[in-house]
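First residue of the sequence shown? That's 0 in numbering that gives the first Met the number 0, and the numbers climb one at a time after it.
The beta carbon of each residue, even a glycine, is placed where N, CA and C say it ideally should be.
Written out below as structure tokens is the structure these notes cover.
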Amino acid sequence: MLDQFYWAERMYWLGVAPEPLGREHLVPDKDEDFYIKEAANMFVRALDCSQSSEVKSRALQISNKLSNELHGLRQTNPGDSNFGPSTLLSVNWVKKDYLESLHNNSPME
Numbered sequence: 000m001l002d003q004f005y006w007a008e009r010m011y012w013l014g015v016a017p018e019p020l021g022r023e024h025l026v027p028d029k030d031e032d033f034y035i036k037e038a039a040n041m042f043v044r045a046l047d048c049s050q051s052s053e054v055k056s057r058a059l060q061i062s063n064k065l066s067n068e069l070h071g072l073r074q075t076n077p078g079d080s081n082f083g084p085s086t087l088l089s090v091n092w093v094k095k096d097y098l099e100s101l102h103n104n105s106p107m108e
């Protein structure tokens, strides 16, 4: 459950999600119209960002890269249709390394 904060930040860094919302943006501290509307507006902006063409394009880029790397693993292990634990571990390391390289070269702060 606690890793949701890590993944929210990570997806934002990669450009495939809006900036994570703080608790105050989801549950206003005060039960007043101003604070409720402010929280609702932040939520709407986050949803709009998640549906933007930039976010969709970046997600497609990453998806294609990861698919190509997985395809390469399948080609090196043609008889193994149900990748075993060691191959899945390799795929996870490929994803991790690739995502880190994207983060390090990302124009996002």
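Are the segment 2–20 and the segment 49–58 touching, with three or more C-beta to C-beta distances below 8 Å? yes
Let me confirm a value: Val26 is counted as buried when at least 16 other C-beta atoms fall within 10 Å, else exposed. Which label applies? Here residue 26 corresponds to residue number 27 of the sequence shown, with the count starting at 1. When all chains shown are included, Val26 counts as exposed.
Simplified DSSP state of Leu59, which is helix, strand or coil: Residue mapping note: residue 59 aligns to position 60 of the sequence shown, counting from 1. Correct three-state label for Leu59: helix.
Proximity below 8 Å, CB of Phe42 to CB of Leu65: The sequence position of residue 42 within the sequence shown is 43, counting from 1. The sequence position of residue 65 within the sequence shown is 66, counting from 1. Not a contact, by the Cβ cut-off of 8 Å.
Can you look up Leu65 in the DSSP assignment and give me helix, strand or coil? As a position in the sequence shown, residue 65 is number 66, starting the count at 1. In the structure shown, Leu65 sits in a helix (DSSP, three-state: H, G or I).
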